[in-house]
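Below: the structure, in structure tokens.
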Amino acid sequence: AVVGYPHDIKGQGIYAYIIAKEGKVIDDVIKKEIVQFVRSDIGPIATIDIIQAASGLPKTRSGKIMRR
Numbered sequence: 528a529v530v531g532y533p534h535d536i537k538g539q540g541i542y543a544y545i546i547a548k549e550g551k552v553i554d555d556v557i558k559k560e561i562v563q564f565v566r567s568d569i570g571p572i573a574t575i576d577i578i579q580a581a582s583g584l585p586k587t588r589s590g591k592i593m594r595r
């Protein structure tokens, strides 16, 4: 999941929550690969500022990611 957060220079930055597959670990190499993939696929404007590994995201009864 990706959310915005207040950024002093840009106004709003990009904060990404990443969930690893079972048995996988998200290290700095994986984080750099994710940032490079987004930059090449979408463009430099969508560069992720912060990546946080998460064990899971809260979901609604219908299975969608809960937005609060």
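Taking the numbering used here, the leading residue of the sequence shown gets 528, the next gets one more, and so forth. For each residue, glycine too, the CB sits at the ideal point set by N, CA and C. Please read all numbers here as calculations on a predicted model, not as lab measurements.
Original post:
Where DSSP assigns a beta bridge to Gln-579, which residues make up the other side?
Top reply: In the sequence shown, the residue the question calls residue 579 occupies position 52. BP columns for Gln-579 point to Tyr-544.
**OP:** Measure the alpha-carbon distance for Ile-553 versus Gln-579 and round it to whole angstroms.
**Re:** Taking the first residue of the sequence shown as 1, we reach residue 553 at position 26. Taking the first residue of the sequence shown as 1, we reach residue 579 at position 52. Computed Cα separation, rounded: 9 Å.
Original post:
Between Gly-540 and the rest of its own chain, which residues show a CB-CB distance below 6 Å, the 5 nearest in sequence each way excluded?
Top reply: Sequence index remark: in the sequence shown, residue 540 carries index 13 (1-based). Cβ neighbours of Gly-540 beyond the five flanking positions: Tyr-532, His-534, Asp-576.
Original post:
Distance, Cα to Cα, Ile-561 vs Arg-595?
Top reply: Mapped onto the sequence shown, residue 561 falls at position 34. Mapped onto the sequence shown, residue 595 falls at position 68. Cα to Cα, the separation comes out at about 25 Å.
Original post:
Do you know how far the Cα of Gly-550 is from the Cα of Lys-586?
Top reply: What you label residue 586 is simply residue 59 of the sequence shown in a count that begins at 1. What you label residue 550 is simply residue 23 of the sequence shown in a count that begins at 1. Cα to Cα, the separation comes out at about 22 Å.
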